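Throughout the sequence shown, residue numbering follows the working numbering, covering 2 to 683 in sequence.
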Amino acid sequence: MIKDIMIHNADTAAGQKELEVLKKYFPQCFHADGEFDIEAFKAALPGGTTITDETSGFNWLGKNYARMLTNMDTTTLIRPDEEHNAKPENKDSQNVYISGDNLDALQHLVKSYSGKVKVIYIDPPYNTGSDGFVYNDKFNFTADELAKRLDVSPERAERILSMTRRGSASHAAWLTFMLPRLSFARDLLTDDGVNFISIDDNEQANLKRLCDEVFGEDNFIAQIIIQSNKRGQTYKQIAKTHEYLLVYSKSGEAIIQELKKELTGNIQKDNIGEFSERELRNRNPKYGRFNRPNLFYPIYANPNIKDENGYHPVSDTRSLEYSIEILPYNSENGESCWRWGKTKLNNNIETSSMDSNVVAREKTSGQWGVYEKYRKETYKAKTIWLEDVEIPNEGDVDDQIWDETGVITEQGSVELKKYDMADTFDFPKPTYLIKKLLTLGSDRNSICMDFFSGSGSTADALLNLNLLDGCRKFIAVQLPVDMDQKLKVTPINDKAKVQKVIDFLDKNHYPHTLDYVGFERIRRAAKKIHDANPLFTGDLGFKHYTLEEPKEDALLLMEKFDPVSNNITTLSVEDFGLQTVLHTWLVADGYGLTEDAEEVMLGNYKAYWKRDHLYMINPDHDFNESSVAALMDKYNGEPFSPHNIVIFGYSFGFTHREELQKNLRTLKDGNKTLTVNIDVRY
2 MIKDIMIHNA
12 DTAAGQKELE
22 VLKKYFPQCF
32 HADGEFDIEA
42 FKAALPGGTT
52 ITDETSGFNW
62 LGKNYARMLT
72 NMDTTTLIRP
82 DEEHNAKPEN
92 KDSQNVYISG
102 DNLDALQHLV
112 KSYSGKVKVI
122 YIDPPYNTGS
132 DGFVYNDKFN
142 FTADELAKRL
152 DVSPERAERI
162 LSMTRRGSAS
172 HAAWLTFMLP
182 RLSFARDLLT
192 DDGVNFISID
202 DNEQANLKRL
212 CDEVFGEDNF
222 IAQIIIQSNK
232 RGQTYKQIAK
242 THEYLLVYSK
252 SGEAIIQELK
262 KELTGNIQKD
272 NIGEFSEREL
282 RNRNPKYGRF
292 NRPNLFYPIY
302 ANPNIKDENG
312 YHPVSDTRSL
322 EYSIEILPYN
332 SENGESCWRW
342 GKTKLNNNIE
352 TSSMDSNVVA
362 REKTSGQWGV
372 YEKYRKETYK
382 AKTIWLEDVE
392 IPNEGDVDDQ
402 IWDETGVITE
412 QGSVELKKYD
422 MADTFDFPKP
432 TYLIKKLLTL
442 GSDRNSICMD
452 FFSGSGSTAD
462 ALLNLNLLDG
472 CRKFIAVQLP
482 VDMDQKLKVT
492 PINDKAKVQK
502 VIDFLDKNHY
512 PHTLDYVGFE
522 RIRRAAKKIH
532 DANPLFTGDL
542 GFKHYTLEEP
552 KEDALLLMEK
562 FDPVSNNITT
572 LSVEDFGLQT
582 VLHTWLVADG
592 YGLTEDAEEV
602 MLGNYKAYWK
612 RDHLYMINPD
622 HDFNESSVAA
632 LMDKYNGEPF
642 SPHNIVIFGY
652 SFGFTHREEL
662 QKNLRTLKDG
672 NKTLTVNIDV
682 RY
């Protein structure tokens with residue numbers, strides 16, 4: 002457990018993960034002493050592979066340090082919010098909310114969710130100088146230790162440590178902060194998964210280069226321009242109105258879904274489905290009979306048949322039934338043209354107007370018009386731009402630019418007000434934007450993640466999207482910023498804003514940490530959905546977990562504890578919490594955060610069983626010969642075959658461990674197909 006991880010971390014160096022991948026897939030390229038043979042590696046590549054020694058390189062102070070962090074494991078434990086998780090709406094939920102540092106969270110999550118997350122959306126700090134970003138980590142390396150680990154000079158190691166200790170907000174500090182998080186994000190994505198990242202001008206160029214390195218240039222999909230502020234930041238020389246959204250896939254297997262065009266106006270229904278009326282005449286003054294003569298032709302309506310929606314069937318041929326001639330004249334009697342040619346027209350008309358996509362209607366003026374039944378369609382998302390785009394008809398331009406009211410940053414604040422949570426979070430992302438991203442990247446059963454969860458917009462968006470079309474699951478992570486401490490260091494002119502957040506937390510009986518703003522927002526969003534849709538049976542709950550470091554005195558006792566001696570330690574499961582140890586192990590063994598273990602009684606001793614693992618965490622004073630006999634009986638007589646018995650090393654003495662191993666050897670002698678591994682964790 003913690004001690005095992007501390008030992009692992011002590012030997013970790015940059016590039017270790019990559020080296021392990023090479024050893025796994027190219028063992029023939031390593032000598033007996035561990036030396037890597039680059040010539041053997043080149044020979045192992047397929048013929049025709051281009052090999053180059055040239056590289057543009059993207060380096061900064063702290064890059065090797067950041068790469069080292071991607072190879073380290075977290076020493077935090079996962080404490081479940083037992084009261085919250087036991088509530089009826091949460092006990093079976095597949096949604097997860099984590100309070101903790103997102104690097105620690107990602108290091109836990111990759112053990113259970115690697116290759117399982119379909120969409121990741123993050124809105125990281127923009128490093129504007131006013132958004133509160135400073136680099137901060139918990140590691141206490143000396144310059145000599147770091148120089149040895151990173152294979153750099155002590156002087157460079159000292160510069161790196163200086164950056165990590167002083168709370169730097171430099172570009173290098175920001176990149177050092179982002180690299181390990183993006184590396185873990187890539188590991189979490191499915192092979193067809195997609196990562197969306199919001200950013201502005203301050204770090205956009207650096208983020209693009211960093212993502213090219215982490216995800217690969219070939220996996221860059223798009224850089225979308227979001228019009229986040231229509232008025233613009235007028236205090237600048239040029240009023241900035243936009244920010245960016247970088248889109249990367251994990252591999253070439255990613256499929257970006259098309260967006261649905263929503264119906265507007267008077268929505269009606271025929272034998273095919275819902276539709277809204279759209280005039281077939283091209284209303285764009287750029288087009289008319291003068292330059293589209295083939296689109297100026299008569300369409301004929303049958304005045305004697307009218308359906309329940311008030312429409313008449315049409316034809317391109319005059320007859321006794323189809324006697325009303327309709328030409329595409331505008332309101333000033335000028336010659337426009339139709340939007341469709343005759344071939345497309347004939348492919349969309351039927352004898353019955355209730356089955357036809359083109360119909361006619363007599364207007365209140367007495368004139369006749371021809372209309373397309375405009376149904377829900379899909380379209381490819383555009384990055385932007387309006388210039389140089391041919392606009393075939395008025396009303397078709399909205400798809401070219403992400404400038405809808407729903408994506409404007411202010412809309413996120415409007416949404417918080419609707420939850421009676423005004424001023425609890427700065428610059429919350431609007432759910433309209435995130436629903437759009439989830440639609441592009443996910444399917445109805447996807448796991449979606451946001452590890453800069455903030456006000457909880459992503460979870461809110463996902464719950465509302467599920468109301469329409471699915472059962473997606475969210476994993477959200479938010480740092481529990483101490484608002485009391487923040488109030489102390491905030492300039493006097495801004496203290497009122499921080500105090501409002503504290504007052505909100507007090508009013509709702511929460512600790513003074515920022516993660517509970519998102520926690521409460523998700524809860525209110527779920528309640529709003531349930532109240533408006535009482536028959537909806539989808540998942541509106543979430544499990545809550547907090548990441549905690551072991552106490553300092555427990556760490557000191559761990560360092561002194563010698564597992565091979567029979568010395569008694571004062572460390573016990575109570576120092577960590579039984580459910581905390583159990584859930585940390587469940588995640589470490591691949592079972593995730595939404596599954597529970599089953600209690601198993603071995604005589605008077607209580608153990609916990611989850612498929613391939615039996616966890617023995619409780620102290621061994623209730624573990625005796627009858628417990629061993631009960632365990633043997635379970636293996637011999639019940640559908641019970643965990644291949645791993647995991648023992649909490651501080652709960653079991655050397656004698657009981659030896660007795661258990663001896664009996665398991667006897668059991669294996671009688672059942673040659675049974676393989677049981679005893680894993681003692683500290």
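All C-beta atoms in this analysis are idealised placements derived from N, C-alpha and C, irrespective of residue type, glycine included. A quick note: this is a predicted structure, and the numbers were derived from the prediction, not measured.
C-beta contact flag for residue i and residue j at 9 Å
i: P314; j: S353; result: yes
i: V371; j: P304; result: no
i: P643; j: L615; result: yes
i: A589; j: K112; result: yes
i: T77; j: E550; result: yes
i: T373; j: R279; result: Note on residue identity: the sequence assigns Glu, not Thr, to residue 373. Their beta carbons are under 9 Å apart, which means E373 touches R279 by this criterion.
i: L260; j: F197; result: no
i: Y301; j: S320; result: yes
i: Y606; j: D623; result: yes
i: L296; j: R290; result: yes
i: G101; j: L480; result: yes
i: L176; j: L211; result: yes
i: A186; j: I222; result: no
i: G654; j: D680; result: no
i: M7; j: M559; result: yes
Spatially closest choice to residue i from the options, by CA coordinates
i: R183; options: V248, G168, D152; result: For the record, residue 183 in the displayed sequence is Leu; it is not Arg. When only C-alpha atoms are compared, the closest one is V248.
i: A477; options: H584, D516, R445, P512; result: D516
i: N86; options: G650, D597, D634, A173; result: D597
i: I530; options: L469, K474, D421; result: L469
i: D613; options: W586, I200, L321, G604; result: W586
i: F142; options: R150, L583, K43; result: R150
i: L190; options: S252, N91, L665; result: S252
i: L180; options: Q258, G130, R293, Y66; result: Y66
i: E660; options: M633, V582, K4, W610; result: M633
i: N645; options: L208, V360, Q224, A608; result: A608
i: I503; options: N494, K487, L434; result: K487
i: I225; options: E244, V215, D219, A630; result: E244
i: N103; options: A33, S458, F178; result: F178
i: G116; options: H172, G168, G194, P125; result: G194
i: W61; options: D5, N334, R157; result: R157
i: I257; options: E36, K489, K119, F537; result: K119
i: E600; options: L441, E336, L583; result: L583
i: G457; options: I523, K508, Q205, L439; result: I523
i: K92; options: M484, Y511, T595, R340; result: T595
i: T165; options: D138, A144, P155; result: D138
i: P299; options: E275, N203, G342, G274; result: G342
Residue environment, residue i, which counts as buried when at least 16 other CB atoms sit within 10 Å
i: C449; result: buried
i: D271; result: buried
i: L603; result: buried
i: N96; result: buried
i: G650; result: buried
i: K24; result: exposed
i: P393; result: In this prediction, P393 has a pLDDT of 36, which is less than 50 and means its spatial position is unreliable; nothing more can be read from the coordinates.
i: F37; result: exposed
i: S324; result: exposed
i: L536; result: exposed
As assigned by DSSP and simplified to three states, the class of residue i
i: W61; result: coil
i: Y66; result: helix
i: L603; result: strand
i: V482; result: coil
i: N645; result: strand
i: Y26; result: helix
i: P81; result: strand
i: I8; result: helix
i: T17; result: The residue asked about is misnamed: residue 17 is Gln in this sequence, not Thr. In this structure, Q17 counts as helix in the three-state DSSP scheme.
i: L1; result: Missing from the structure shown is residue 1; the chain here goes from 2 to 683 and no further.
i: T656; result: helix
i: D192; result: strand
i: D399; result: Note on D399: pLDDT 35, under 50, position unreliable in the model; the coordinate value appears next. The answer is helix: DSSP assigns D399 an H, G or I state.
Test: residue i CB closer than 9 Å to a CB of chain D
i: F59; result: The structure shown contains no chain D; it is built from a single protein chain.
- prompt: Which residue spans inside the segment 405-451 form an unbroken beta strand (DSSP E) run of at least 3?
  reply: Listed in chain order, the complete beta strand (DSSP E) runs (minimum 3 residues) inside the segment 405-451 are 448-451.
- prompt: What alpha helix (DSSP H) runs, 4 residues minimum, are completely inside the segment 523-602?
  reply: Counting only runs of 4 or more, we get 553-561, 579-589.
- request: At 3 residues or longer, and completely inside the segment 274-345: list those beta strand (DSSP E) runs for me, N to C.
  value: Positions of the beta strand (DSSP E) runs, each at least 3 residues long and wholly inside the segment 274-345, are given as 275-280, 300-302, 325-327 in order along the chain.
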